[in-house]
Amino acid sequence: MDALLQGTDSSTMPTRIANDGLILPAIGFGTGAVAGNRGVDTIVSALDAGYRLLDTAVNYENEGTVGKAIHESGIEREQIIVSSKLPGRFQGYDDARRCIEESAFRMGLDYIDIYLIHWPNPSQAQYVQAWRALIDAREEGLVRHIGVSNFLPGHIEMLLRATGVAPAVNQVELHPYFQQHEQMSYDEAHGIITQAWCPLGRANQLLADPSIVSIAHKHEVDPASVILRWHVQLGDVAIPKSSNPKRQKSNLDVMGFELDEQDMRELRNLDNPQGRCFGSDPRFHEES
Numbered sequence: 001m002d003a004l005l006q007g008t009d010s011s012t013m014p015t016r017i018a019n020d021g022l023i024l025p026a027i028g029f030g031t032g033a034v035a036g037n038r039g040v041d042t043i044v045s046a047l048d049a050g051y052r053l054l055d056t057a058v059n060y061e062n063e064g065t066v067g068k069a070i071h072e073s074g075i076e077r078e079q080i081i082v083s084s085k086l087p088g089r090f091q092g093y094d095d096a097r098r099c100i101e102e103s104a105f106r107m108g109l110d111y112i113d114i115y116l117i118h119w120p121n122p123s124q125a126q127y128v129q130a131w132r133a134l135i136d137a138r139e140e141g142l143v144r145h146i147g148v149s150n151f152l153p154g155h156i157e158m159l160l161r162a163t164g165v166a167p168a169v170n171q172v173e174l175h176p177y178f179q180q181h182e183q184m185s186y187d188e189a190h191g192i193i194t195q196a197w198c199p200l201g202r203a204n205q206l207l208a209d210p211s212i213v214s215i216a217h218k219h220e221v222d223p224a225s226v227i228l229r230w231h232v233q234l235g236d237v238a239i240p241k242s243s244n245p246k247r248q249k250s251n252l253d254v255m256g257f258e259l260d261e262q263d264m265r266e267l268r269n270l271d272n273p274q275g276r277c278f279g280s281d282p283r284f285h286e287e288s
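Start counting the sequence shown at 1; every next residue gets the next number (the UniProt record's numbering).
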């Protein structure tokens, strides 16, 4: 499922290939809480640094910011992969269709590369309707690839039974404190690219972890680079965020070293089944 990506700061950046032919770089750029004119500058800076995957959502309330940055960047539209997400309040079929259209309008785009259902919201029992809306939007060319976020295997099985269409992407919380091995195995078996939100953990806890700091010293890199390199070797797509241009570049520059078996073993030992950063369990979480 891996290939090589040309055209970023690191010409050997791996890519991930999904069941529908979608190709994603191993590291993208998150835009949560990145908004307004300052947000436009932040995203343009990220694009200048070499990012080609931008992740947004209706509930981030910044799709307009993302669209403006794309238009101001001077980079050809076809070179940028834009992903957005459907919120829980619009999971009915008709609401979902309108929401997708409005996302495209806000960003000023003729099409959206990837559209995800943000959360399954199981108590609503509407995510299959939302999935049908995404399938139809893809058939009509409004979106090119469709996927989910925070979906467990049982949720995806429901989509498969109802429609026969598998997601191309499943974006989940994933970092060394919460490694999601079973979910990643399920996704891989179905040709689903696993994306990692919160890839560096929360409030710099991971960046100060003694094991990670030790590995960073060993390779003469910073802790964030160790974690992002771990994601690259794990096989997911990490979506870090930074408004600092130097940090944006360094987050991409992780191909100059490799974690050895001992490093990967030490990082695996950090896994905690209760290690969610925000306590949002997809079995129960309800997004508005």
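We put the CB at the ideal spot given by N, CA and C, even for glycine.
Residue i, buried or exposed, once every other Cβ within 10 Å from all chains shown has been counted against 16
| i | result |
| --- | --- |
| Ala104 | buried |
| Ala18 | buried |
| Phe29 | buried |
| Asn272 | exposed |
| Asn204 | exposed |
| Thr194 | buried |
| Ala166 | buried |
| Ala189 | exposed |
| Phe278 | exposed |
| Ser280 | exposed |
| Asp260 | exposed |
| Asn269 | exposed |
| Asp110 | exposed |
| Ser123 | exposed |
| Asn62 | buried |
| Arg106 | buried |
Own chain, CB closer than 8 Å to residue i, minus 5 neighbours either side, in chain order
| i | result |
| --- | --- |
| Val40 | Thr65, Lys68, Ala69 and Glu72 |
| Ala224 | Leu200, Leu207, Pro240, Arg247, Ser250 and Asn251 |
| residue 294 | In the structure as shown, the chain starts at 1 and stops at 288, and residue 294 therefore has no counterpart that could be examined. |
| Ala196 | Gln171, Val172, Glu173, Leu174, His175, His231, Asp236, Val237, Ala238 and Ile239 |
| Ser211 | Glu266, Leu267, Asn269 and Leu270 |
| Ala216 | Asp222, Pro223, Ser225 and Val226 |
Assigned secondary structure, residue i (DSSP; H/G/I helix, E/B strand, else coil)
| i | result |
| --- | --- |
| Ala69 | helix |
| Asp260 | coil |
| Ala137 | helix |
| His175 | strand |
| Ala216 | helix |
| Gly39 | helix |
| His190 | coil |
| Pro25 | strand |
| Ala238 | strand |
| Leu228 | helix |
| Asn170 | strand |
| Asp9 | Residue placement at Asp9 cannot be trusted, given a pLDDT of 43 that sits under 50; what the coordinates show is reported in the next sentence. Coil. |
Extent of the continuous beta strand (DSSP E) run through residue i
| i | result |
| --- | --- |
| Ala196 | Ile193 to Trp197 |
| Thr15 | Met13 to Ile17 |
| Leu206 | Where Leu206 is concerned, there is no enclosing beta strand (DSSP E), given that its DSSP letter is neither H nor E. |
| Gly147 | Val143 to Ser149 |
| Asp222 | That residue, Asp222, is in no beta strand (DSSP E); it is neither H nor E in DSSP. |
| Asp55 | Leu53 to Asp55 |
Cut-off 6 Å between Cβ atoms - residues of its own chain near residue i, not counting five sequence neighbours on either side
| i | result |
| --- | --- |
| Phe90 | Ala96 and Cys99 |
| His219 | Phe257 |
| Tyr51 | Phe29 |
| Ile75 | Leu47 |
| Ser243 | Thr42 |
| Tyr60 | Gly32 |
Same chain only: Cβ atoms within 7 Å of residue i, ignoring 5 sequence neighbours per side
| i | result |
| --- | --- |
| Leu24 | Thr15, Arg16, Leu53, Ile81, Ile193 and Val237 |
| Gly92 | Gln126 and Gln129 |
| Gly191 | Ala18, Asn19 and Ala166 |
Residue i: first and last residue of the uninterrupted alpha helix (DSSP H) it sits in
| i | result |
| --- | --- |
| Ile156 | Pro153 to Thr163 |
| Leu252 | Pro245 to Leu252 |
Ranges of the alpha helix (DSSP H) found wholly within the stretch 63 to 132, counting only runs of at least 4: Runs found: 63 to 73 and 93 to 107.
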